[in-house]
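Per the working numbering, the sequence shown starts with residue 20, numbered consecutively. As structure tokens, the structure follows; a few thoughts come after it.
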Amino acid sequence: MLSRFMSGSIRNLDREYNCTVRLLDDTEYTCTIQRDAKGQYLFDLICHHLNLLEKDYFGIRYVDPDKQRHWLEGPKSISKQMKSQPPFTMCLRVKFYPPDPAALKEEITRYLVFLQIKRDLYHGRLLCKTSDAALLAAYILQAEIGNYDPGKHPEGYSSKFQFFPKHSEKLERRIADIHKTELVGQSPEAAELNFLRKAQILETYGVDPHPCKDVSGNPAFLAFTPFGFVVLQGNKRVHFLKWNEVTKLKFEGKTFHIYANQKEEKKIILTYFAPTPEACKHLWKCGVENQAFYKLDKSSQVRTVSSSNLFFKGSRFRYRLSPHNHQSGRVAKEVMEQSAKIKREPPEIHRAGLVPSRSCPSITHGPRLSSVPRTRRRAVHISIMEGLESLRDSAHSTPVRSVSHGDSFMPRSRMSTEASSGSGERVISDENYSPSDSVLPTPVAEHSMELAVSRQVNGAPCSIEEEKESEAGTPSTGEFGEVGPDGRVLMSGLGAGVGLSSLSEAEQVNKFVLSVLRLLLVTIGLLFVLLLLLIILTESDLDIAFLRDIRQTPEFEQFHYEYFCPLRRWFACKLRWVGGLLINNK
Numbered sequence: 020m021l022s023r024f025m026s027g028s029i030r031n032l033d034r035e036y037n038c039t040v041r042l043l044d045d046t047e048y049t050c051t052i053q054r055d056a057k058g059q060y061l062f063d064l065i066c067h068h069l070n071l072l073e074k075d076y077f078g079i080r081y082v083d084p085d086k087q088r089h090w091l092e093g094p095k096s097i098s099k100q101m102k103s104q105p106p107f108t109m110c111l112r113v114k115f116y117p118p119d120p121a122a123l124k125e126e127i128t129r130y131l132v133f134l135q136i137k138r139d140l141y142h143g144r145l146l147c148k149t150s151d152a153a154l155l156a157a158y159i160l161q162a163e164i165g166n167y168d169p170g171k172h173p174e175g176y177s178s179k180f181q182f183f184p185k186h187s188e189k190l191e192r193r194i195a196d197i198h199k200t201e202l203v204g205q206s207p208e209a210a211e212l213n214f215l216r217k218a219q220i221l222e223t224y225g226v227d228p229h230p231c232k233d234v235s236g237n238p239a240f241l242a243f244t245p246f247g248f249v250v251l252q253g254n255k256r257v258h259f260l261k262w263n264e265v266t267k268l269k270f271e272g273k274t275f276h277i278y279a280n281q282k283e284e285k286k287i288i289l290t291y292f293a294p295t296p297e298a299c300k301h302l303w304k305c306g307v308e309n310q311a312f313y314k315l316d317k318s319s320q321v322r323t324v325s326s327s328n329l330f331f332k333g334s335r336f337r338y339r340l341s342p343h344n345h346q347s348g349r350v351a352k353e354v355m356e357q358s359a360k361i362k363r364e365p366p367e368i369h370r371a372g373l374v375p376s377r378s379c380p381s382i383t384h385g386p387r388l389s390s391v392p393r394t395r396r397r398a399v400h401i402s403i404m405e406g407l408e409s410l411r412d413s414a415h416s417t418p419v420r421s422v423s424h425g426d427s428f429m430p431r432s433r434m435s436t437e438a439s440s441g442s443g444e445r446v447i448s449d450e451n452y453s454p455s456d457s458v459l460p461t462p463v464a465e466h467s468m469e470l471a472v473s474r475q476v477n478g479a480p481c482s483i484e485e486e487k488e489s490e491a492g493t494p495s496t497g498e499f500g501e502v503g504p505d506g507r508v509l510m511s512g513l514g515a516g517v518g519l520s521s522l523s524e525a526e527q528v529n530k531f532v533l534s535v536l537r538l539l540l541v542t543i544g545l546l547f548v549l550l551l552l553l554i555i556l557t558e559s560d561l562d563i564a565f566l567r568d569i570r571q572t573p574e575f576e577q578f579h580y581e582y583f584c585p586l587r588r589w590f591a592c593k594l595r596w597v598g599g600l601l602i603n604n605k
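As structure tokens, this is what we get:
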């Protein structure tokens, strides 16, 4: 009886495990969950703990033993997604950045997004010019320490706070000047709101960088934002494709393809290479989810997306409604509509204030850097110009107008910016875009990150195919047009089998040989299966005219007596021998 009770207790312990989730304010939430618990169950626990209703923007992230980051999928079992042994440690992060964070319904949601963007600023994911960096840091200072007080804040007080990995004394003085003179009287809520309004109009707002290389081997960062797909190289945004222009996302091994239609009926194919196949698949899944979330009007329009080809099974993925929670899987427009219907007393917010942070110490004490040379550090380099630009009044005195739930889905300021920018190059910062390794979703070798910082990038990073619609078939190699001023290859024809001109000749040959081998293997496999099926049918007792004719042929009789019958006797002998061994062992 005692042994039965103890064995049952051990089984119950085996079915439960501890899970720790690090929140955006760097506190930890630990819970015990069943081994078969789904990801949605853990996510709901966290949202209930935070009293969060606008939860569709957030997700739980974890890192596998290979240092590859993943988003926890709601419909799947947690234990099956994790490649390590319990206890598990994960992080709550913003997964889908709101197109206009100032338009969020509840203050608790805005505060969590504020914490995420503050973290992005520190780790270098949100990169901006020096003037913008000074204003953002001043907003953080106002939100977390309040008004300037000469008794509490002596000369050089801003140097005790570290908003970026490196910054100059001039920037520190400018941050203090803004905090002293221009933000007096702003409450933490107002300062956070103005911070969000400023951040959301920056080029790198919402960027979750995926390190890749273009076809020339130059490092680049690919990212999906609320407004489209971007490619960052050096201190420039070299490509921008709106979500309604992106037609297909595809990956094969380490190769990632983006297909898009732009104005004048031009078709574009961008090709990049991820460090590993797992990183490429993660990049593809993030792209599929972001496109569905921001592009579609209703979640019912979401369809399953596959990366497989005709002969081999590939990955299938769907941003979908969870069977456990009808609120999960909604698209952005549905989320905004539902947020407008929230009617409850605003939950109490416990702001972190001056509590030191492990991963984002934006208000922790740190050494001041008097001189900051251009180096190959993996951390972000912000604000190291010799002189600071003067802040324009429009940058901070008049807040950017937010969009109400009934207005257009995209903020007007952002729409006007993107409409004029198109997909050409655009300088986003005074320094190269090189986020800290700790925030990258894909592990990158140190030497490759050094290249990302030190390499000078000129022109377009990737060979692009722009093709005009045509009723003709596949164009020949000599049908390429002129090379445009931005480095794009213009084509005069479009066919169903247009190859990627950006790939080198050797890679094209390898792909062709691989395709032929795959086709050959599949053909041989099908022929073998058909032959086996035919033998089974002809040797059976089925009385069909077609089979009778085959059995009466001399070739079949020869095959039956010389090959099939001896083979059948051999198999029967082996089966009897195995059966005898099993009986003797008993």
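Glycine is no exception: its CB is placed at the ideal position from the N, C-alpha and C atoms.
query	result
Contact set for Pro245: own chain, Cβ-Cβ below 6 Å, skip 5 residues either direction	Tyr116, Pro118, Gly225, Tyr313
Bridge-paired residues (DSSP) for Asp270	In the sequence as presented, Asp is not what sits at residue 270; that position holds Phe. Phe275, per the DSSP bridge assignment.
Simplified DSSP state of Thr49, which is helix, strand or coil	strand
Beta-carbon gap between Leu212 and Tyr291 smaller than 8 Å	no
Exposure of Arg34, with buried meaning 16 or more beta-carbon neighbours within 10 Å	exposed
Contact check, Ser103 vs Pro84, beta carbons under 8 Å	yes
Beta-carbon proximity check, Ala162 vs Ala210, cutoff 8 Å	yes
Gln252 - partner residues in DSSP beta bridges	Lys255
Whole-angstrom distance between His276 and Leu289, CA atom to CA atom	6 Å
DSSP state of Val508 mapped onto helix, strand, coil	Per-residue confidence for Val508 stands at a pLDDT of 38, beneath the threshold of 50, marking its modelled position as unreliable; no derived number is given.
Sequence ranges, alpha helix (DSSP H) only - wholly within the segment 47 to 122, length at least 4	58 to 69, 97 to 100
The segment 144 to 164 / the segment 174 to 185 touching (three or more Cβ pairs under 8 Å)	yes
Integer-rounded CB distance, given that Leu215 should sit under 8 Å from Phe133	6 Å
Cβ shell of Cys66 (< 7 Å), same chain only, five flanking positions each side left out	Lys74
Secondary structure of Ile159, DSSP reduced to three states	helix
6 Å CB neighbourhood of Glu222 in its chain, flanking five on each side removed	Arg256, Ile447
Residues bridged to Leu289 [DSSP beta-bridge criterion]	Ile277
Counterpart residues of Leu260 in DSSP-defined beta bridges	Phe248
DSSP-derived helix/strand/coil call for Ala591	helix
Beta-bridge pairing of Phe240 - partner residues as DSSP gives them	Pro230, Leu251
Distance between beta carbons of Pro228 and Leu260, contact taken as under 8 Å	Not really, about 16 Å apart at Cβ, beyond 8 Å.
Pairwise C-alpha distance: Pro296 and Gln87	11 Å
Counterpart residues of Val446 in DSSP-defined beta bridges	Lys255
Asn309 - containing alpha helix (DSSP H), residue span	296 to 314
Residue span of the beta strand (DSSP E) that contains Arg138, given as start and end	Not the beta strand (DSSP E): Arg138 falls in the alpha helix (DSSP H), residues 126 to 142.
Alpha-carbon spacing of Glu367 relative to Tyr81, whole angstroms	28 Å
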